[in-house]
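Going by the numbering used here, the first residue of the first sequence is number 244, and it counts up by one from there.
Glycine is no exception: its CB is placed at the ideal position from the N, C-alpha and C atoms.
Remarks on the structure that follows.
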Amino acid sequence: MPELPEVETIRRQLLPLYRGKEIADVRLKTPQLLKNCEPAFFADALRGQTIENMSRKGKFLIVECSHAFPVFHLGMSGIFLKDPAESRYPQHIHLDIDFTDGSALYFQDMRKFGKIWLYQEYPDLPNLGIDPIIGELSEAQLKEFLGKRSIGMKNFLMNQKPITGIGNIYASEILFRSGISPYRRTDEVNAGEVKALHESIHTILEDAIERFGTTYSAYRTVEGESGTNQDFLKVYQREGLPCTKCGSSILKSVIGSRSTFFCDNCQQ
DNA sequence: TCTGACCTGCGA
DNA sequence: TCGCAGGTCAGA
244 MPELPEVETI RRQLLPLYRG KEIADVRLKT PQLLKNCEPA FFADALRGQT
294 IENMSRKGKF LIVECSHAFP VFHLGMSGIF LKDPAESRYP QHIHLDIDFT
344 DGSALYFQDM RKFGKIWLYQ EYPDLPNLGI DPIIGELSEA QLKEFLGKRS
394 IGMKNFLMNQ KPITGIGNIY ASEILFRSGI SPYRRTDEVN AGEVKALHES
444 IHTILEDAIE RFGTTYSAYR TVEGESGTNQ DFLKVYQREG LPCTKCGSSI
494 LKSVIGSRST FFCDNCQQ
């Protein structure tokens, strides 16, 4: 669930709360979340480190410490909380980070799809494409990406290699705003549609960030509050409800093993 | 390029 | 009690 807007919301909230704090202790309760080192090494490497910055690429959150760079992917239900009392699922808090000033940070992940890595220097994350919020995704680049192969538009947006950060909810919303069917092939999209798609990617993601993300199940902000973007969704989870543009019923189908919502009349 | 596995809470 | 929710990745 946490897609680019949710991870960006978390980053923006965490940074002013934790920048400059020194890590006193780290307790990793679920070692399977850690992907590239042993839990003891992870804790040793972070103890005594100061958080200098936090950055993001796609759905990955990069914590920049003085000499260590833990990277988090929130999977489908991962969130950070500053207060464990805000947790709906306290049994699923997998990581506690204590700071020397007495504060703490908790990583909760009900479904354990989250992942954690530790790097000694700022990681490249080479398998990720352009982040449309922090990178420059031009219309020309988008057109080039679309023309490289012929795959369905929904699958194109979900693939993190050309453009990173878009997941199932925002893929449906972006295609609806663009007026493009999720079944269209990438090499069939015309110049006007490329322009609409380019505009929609930015608008949908930026609006969702302003609304602190979309809360459907587990996602909460660092303060434990819901986002508000779910109140503005036009197609996602609206099967059978009237399209806000034409009044036709919103349809649901499965594309790439994922639920996809669209208006058959507005999206060609 | 597509499918299933991973995982657990929730609603039907 | 069972199916669904979905991000990523391995394997077909």
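Tell me which residues share the same chain as residue i and place their Cβ nearer than 8 angstroms to its Cβ, disregarding the 5 neighbours each side in the sequence.
| i | result |
| --- | --- |
| K278 | K358, I359 and W360 |
| S309 | Q292, T293 and E295 |
| T343 | K264, E265, I266 and A267 |
| P485 | S491, S492 and I493 |
| T252 | I452, F455, G456, T464 and G470 |
| T487 | K477 |
| Q275 | K355 |
Sort the options by Cα distance to residue i and report the nearest one.
| i | options | result |
| --- | --- | --- |
| E364 | E449, D450, A451 and P313 | P313 |
| F350 | L484, F505 and I336 | I336 |
| K300 | Q292, L371 and R454 | L371 |
| S415 | I498, T293 and P245 | I498 |
| R420 | M401, G410 and I447 | I447 |
| G467 | P327, E265 and I294 | P327 |
| L389 | H441, T487 and C486 | H441 |
| S346 | K325, R354 and P366 | K325 |
| N319 | N411, P485 and N402 | In the sequence as presented, Asn is not what sits at residue 319; that position holds Met. Answer by Cα proximity: N411. |
| E482 | F475, K495 and T471 | K495 |
| I493 | R354, I409 and Q480 | Q480 |
| K386 | K477, I417, P366 and E431 | E431 |
| S443 | K391, F505 and Y413 | Y413 |
| Q403 | I423, L418 and P375 | P375 |
| A461 | E329, M401, G263 and T343 | E329 |
| S500 | P405, V465, I452 and K397 | K397 |
| P366 | G408, I406 and A311 | A311 |
| Q510 | I423, E453 and N433 | I423 |
| G514 | A451, N433, G408 and P245 | For the chain, the structure presents residues 244 to 511; residue 514 sits outside this window and is missing. |
| F504 | I417, L271, E449 and P248 | I417 |
| S502 | K391, M401 and F315 | M401 |
For residue i, does the three-state DSSP call read helix, strand or coil?
| i | result |
| --- | --- |
| R255 | helix |
| V314 | strand |
| N411 | helix |
| T293 | strand |
| V269 | strand |
| L476 | coil |
| I493 | coil |
| T503 | strand |
| P485 | strand |
| I305 | strand |
| I423 | coil |
Beta-carbon within less than 7 angstroms of residue i's beta-carbon, same chain only, minus the 5 sequence neighbours each way: which residues are those?
| i | result |
| --- | --- |
| K438 | E382 |
| L368 | K300 and F303 |
| P333 | P327 |
| D268 | R290 and D341 |
| A469 | Note that residue 469 is Ser in the sequence shown, not Ala. Closer than 7 angstroms at the Cβ level, and outside the excluded window around S469, lie T458 and R463. |
| V250 | R299, K302, L304 and L317 |
| P273 | Correcting the residue type first, residue 273 is Thr in the shown sequence and not Pro. Only H337 and K355 meet the Cβ criterion. |
| L348 | Y261, F323, K325 and I340 |
Between residue i and the rest of its own chain, which residues show a CB-CB distance below 6 angstroms, the 5 nearest in sequence each way excluded?
| i | result |
| --- | --- |
| C280 | L361 |
| G321 | D352 and G357 |
| N508 | C489 and S491 |
| E307 | E295 and N296 |
| L380 | I373 |
| F399 | T429 |
| I394 | T429 |
| E436 | I423 |
| R270 | D339 |
In chain order, which continuous runs of the alpha helix (DSSP H) of length 4 or greater are located wholly inside the segment 431 to 473? As far as the segment 431 to 473 is concerned, its whole alpha helix (DSSP H) runs of at least 4 residues are 434 to 453.
Scan the segment 323 to 405 and note each continuous alpha helix (DSSP H) run of 4 residues or more that stays entirely inside, going in chain order. Within the segment 323 to 405, the complete alpha helix (DSSP H) runs of at least 4 residues are 382 to 390 and 396 to 401.
Specify whether the segment 423 to 435 and the segment 286 to 294 touch according to this definition: at least 3 beta carbon pairs, one from each stretch, less than 8 angstroms apart. Taking 8 angstroms as the limit for Cβ pairs, the verdict is that the segment 286 to 294 does not touch the segment 423 to 435.
Check whether the segment 290 to 298 touches the segment 256 to 269, taking contact to mean three or more Cβ pairs, one atom from each stretch, closer than 8 angstroms. Short answer: they touch.
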